[in-house]
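Residue numbers (the working numbering): 14 to 112. For reference, the structure is listed below as structure tokens.
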């Protein structure tokens, strides 16, 4: 089973889960691992159209009777440029956000 996007928004907001729960200590903690992200993001591989095209290239496309119809978009539609980052300073229990 998988999930993918059918349509993408004009502005894409992504929030990463940077807190976890330690069942041994029974406490929540902040994940402070280094995280690097691109300034340009191509979302096509995560869309219905992108998955369909990838499967067709690999010869795994579903028969036309089985596939659902969907809109197709030009490649520019899937491109996003990073506009901002929000950073949390503090612990899992308290802190501040800044951008």
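Backbone N, C-alpha and C fix where the C-beta goes; we use that ideal spot for every residue, glycine too. Predicted model, so just to flag it, every value in this text is computed and none were measured.
First and last residue of the alpha helix (DSSP H) that includes residue i?
i, result
"residue 54", "Counting along the chain, residue 54 falls outside any alpha helix (DSSP H), though it belongs to the beta strand (DSSP E) covering 53-55."
"residue 72", "Note, residue 72: premise wrong, no alpha helix (DSSP H); not H, not E."
What does the alpha-carbon distance come out to for the pair residue i and residue j?
i, j, result
"residue 47", "residue 102", "14 Å"
"residue 37", "residue 43", "15 Å"
"residue 24", "residue 70", "29 Å"
"residue 110", "residue 72", "47 Å"
"residue 40", "residue 100", "22 Å"
"residue 31", "residue 112", "16 Å"
"residue 65", "residue 84", "12 Å"
"residue 27", "residue 49", "14 Å"
Mind checking which residues open and close the beta strand (DSSP E) that includes residue i?
i, result
"residue 92", "92-94"
"residue 103", "100-103"
"residue 33", "32-35"
"residue 108", "108-111"
"residue 14", "Careful: residue 14 lies outside any beta strand (DSSP E) and carries neither H nor E."
"residue 42", "40-43"
Take residue i as the anchor and find which of the options has the nearest alpha-carbon.
i, options, result
"residue 105", "111, 112, 34 and 22", "34"
Q. How about the segment 79-93 and the segment 47-60: do they share at least three Cβ pairs that are nearer than 8 Å?
A. yes
Q.
Contact between the segment 55-72 and the segment 14-22 is defined here as three or more beta-carbon pairs at a separation below 8 Å; is this criterion met?
A. yes
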